[in-house]
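What follows is a set of notes on a single structure, which appears directly below.
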Ligand SMILES: *Cc1c(COP(=O)(O)O)cnc(C)c1O
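Numbering (the numbering used here), first residue to last: 4 to 432.
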């Protein structure tokens with residue numbers, strides 16, 4: 004798909020008029036700035052509220068009001084089985100079999116729980132390979148897991164960093180490190196898309212290399228789920244975790260999704276931290292001793308579902324099920340391609356900013372990260388003051404993530420207009 008982009012509103016509006024999923028914008032609520040919807044480029048941080056979320060929450064309040072404790076078994080979505088209503092759309096979203104996924108807890112909590120099962124170091128194999136500059140929560144989780152098992156993080160954690168003068172990782176370098184560490188490697192734990200650069204890693208290649216090295220493989224898909232099509236079952240990592248409040252629009256603190264490959268579905272011997280919700284369903288209320296895990300990902304559940312946040316998540320997942328990730332990705336390629344074009348068109352001598360996300364559209368999702376200079380912070384505030392919501396990351400990066408469900412090409416053209424005005428003002432002052 005090669006498009007000749009133009010930096011004009013007529014061109015942006017033409018792309019909008021040809022957009023087959025443009026009507027989905029109306030299913031989201033935009034914060035207002037000076038009486039108009041903001042230009043929202045922060046779907047990678049907190050997705051916008053689906054219109055359907057409010058009614059979904061009200062339905063559960065009604066259920067509670069009408070049935071009290073009996074709401075666990077009555078009504079059209081009994082709470083007892085609530086996590087199951089999320090299974091089908093979640094499996095489709097990440098390319099998994101239904102029994103390979105479950106929604107529970109929050110992301111970092113699940114990362115810990117899955118590492119309890121899949122990071123089991125011994126004196127020979129104890130190392131974890133991860134990307135340098137991973138999201139801090141993952142760094143803390145991994146560091147403390149390593150210490151918990153009595154190992155030294157400086158020796159056990161191997162970070163793969165970009166080459167000198169480069170911003171993103173080369174797949175060959177990742178694979179080389181995996182090969183090099185193969186005798187002492189316990190786990191390869193990568194993000195799917197790096198939160199800072201927006202780089203989408205070659206997950207099938209990393210999985211193959213990790214397994215060939217005799218290690219297990221896990222992915223943090225916080226910036227990947229709802230952003231890029233995934234085929235987790237086929238690609239074969241041992242586990243994956245993600246949150247639902249970024250691209251998945253399920254609201255602040257929304258619940259996390261978990262994938263456990265079916266090769267581990269029926270292994271009650273795997274160590275895990277258990278609770279009653281992962282216990283064999285028919286026996287759950289018999290209150291007997293002796294934990295028997297359910298088969299599949301459900302066997303990692305601990306607590307009963309947080310119904311209100313699950314309800315918002317379910318409302319949002321229905322939109323993804325309705326549109327499909329392939330359709331979203333097609334628009335996303337065009338949309339982010341247009342953003343890249345506009346940024347390159349405007350980042351000239353006056354705004355000598357640099358794009359640090361991969362140039363290759365196949366190696367990124369929605370997000371483009373911009374390395375700014377001393378004018379960066381001022382630009383960020385200028386955008387905010389004009390109703391453009393982007394995201395600032397220390398020390399000097401602005402992240403823009405146009406998302407295909409609710410961003411328009413006109414949003415991007417408008418962003419370009421503000422960049423242009425800002426750069427004109429730099430030169431005149
Ligand atoms: C957003 C994000 C988190 C946040 O974790 P929570 O437990 O949901 O607060 C963790 N890891 C990555 C990679 C993220 O992008």
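Ideal Cβ positions, reconstructed from N, Cα and C, are used throughout, including at glycine.
For residue i, which residues from the same chain have a beta carbon less than 7 Å from its beta carbon, with the 5 sequence-adjacent residues on both sides left out?
{"i": "residue 332", "result": "231 and 232"}
{"i": "residue 16", "result": "413"}
{"i": "residue 310", "result": "63, 82 and 85"}
{"i": "residue 450", "result": "The structure shown does not extend to residue 450, since the chain spans only 4 to 432, so no value can be given for it."}
{"i": "residue 77", "result": "70"}
Going by DSSP, what residues sit across from residue i in a beta bridge?
{"i": "residue 184", "result": "Its beta-bridge partners do not exist; DSSP assigns none."}
{"i": "residue 358", "result": "373"}
{"i": "residue 404", "result": "45"}
{"i": "residue 191", "result": "132 and 220"}
{"i": "residue 367", "result": "202"}
{"i": "residue 104", "result": "262"}
{"i": "residue 35", "result": "40"}
Please report the residue range of the beta strand (DSSP E) in which residue i lies.
{"i": "residue 243", "result": "242 to 246"}
{"i": "residue 396", "result": "394 to 396"}
{"i": "residue 162", "result": "160 to 163"}
{"i": "residue 433", "result": "Since the first residue of the chain shown is 4 and the last is 432, residue 433 is not available in this structure."}
Which residues mark the beginning and the end of the alpha helix (DSSP H) in which residue i is found?
{"i": "residue 276", "result": "Where residue 276 is concerned, there is no enclosing alpha helix (DSSP H), given that its DSSP letter is neither H nor E."}
{"i": "residue 17", "result": "12 to 20"}
{"i": "residue 324", "result": "310 to 326"}
{"i": "residue 235", "result": "235 to 238"}
{"i": "residue 72", "result": "From DSSP, residue 72 is part of no alpha helix (DSSP H); its letter is neither H nor E."}
When the Cα atoms are used, what is the spatial distance from residue i to residue j?
{"i": "residue 226", "j": "residue 196", "result": "5 Å"}
{"i": "residue 402", "j": "residue 44", "result": "8 Å"}
{"i": "residue 431", "j": "residue 348", "result": "Note that residue 431 has pLDDT 49, beneath the 50 cutoff, so the model's placement of it is unreliable and no number is given."}
{"i": "residue 415", "j": "residue 20", "result": "15 Å"}
{"i": "residue 420", "j": "residue 358", "result": "18 Å"}
{"i": "residue 201", "j": "residue 11", "result": "26 Å"}
{"i": "residue 18", "j": "residue 352", "result": "29 Å"}
{"i": "residue 318", "j": "residue 325", "result": "11 Å"}
{"i": "residue 284", "j": "residue 75", "result": "14 Å"}
{"i": "residue 276", "j": "residue 303", "result": "8 Å"}
{"i": "residue 422", "j": "residue 112", "result": "40 Å"}
{"i": "residue 350", "j": "residue 426", "result": "9 Å"}
{"i": "residue 204", "j": "residue 290", "result": "45 Å"}
{"i": "residue 163", "j": "residue 243", "result": "19 Å"}
{"i": "residue 145", "j": "residue 114", "result": "9 Å"}
{"i": "residue 31", "j": "residue 39", "result": "14 Å"}
{"i": "residue 161", "j": "residue 133", "result": "6 Å"}
Grab me the residues of residue i's own chain with a C-beta within less than 6 Å of its C-beta, minus the 5 sequence neighbours each way, in chain order.
{"i": "residue 14", "result": "none"}
{"i": "residue 271", "result": "296"}
{"i": "residue 27", "result": "408"}
{"i": "residue 152", "result": "124"}
{"i": "residue 278", "result": "305 and 306"}
{"i": "residue 390", "result": "36 and 41"}
Measure the beta-carbon distance from residue i to residue j and round it to whole angstroms, keeping in mind my assumption that it falls under 8 Å.
{"i": "residue 59", "j": "residue 314", "result": "4 Å"}
{"i": "residue 130", "j": "residue 188", "result": "5 Å"}
{"i": "residue 6", "j": "residue 262", "result": "The pair is not a contact, with the Cβ atoms about 34 Å apart (cut-off 8 Å)."}
{"i": "residue 178", "j": "residue 218", "result": "Rounded, the Cβ-Cβ distance is 13 Å, inconsistent with contact."}
Can you list, in chain order, the residues of its chain whose CB lies under 8 Å from that of residue i, leaving out five sequence neighbours each side?
{"i": "residue 396", "result": "199, 372 and 402"}
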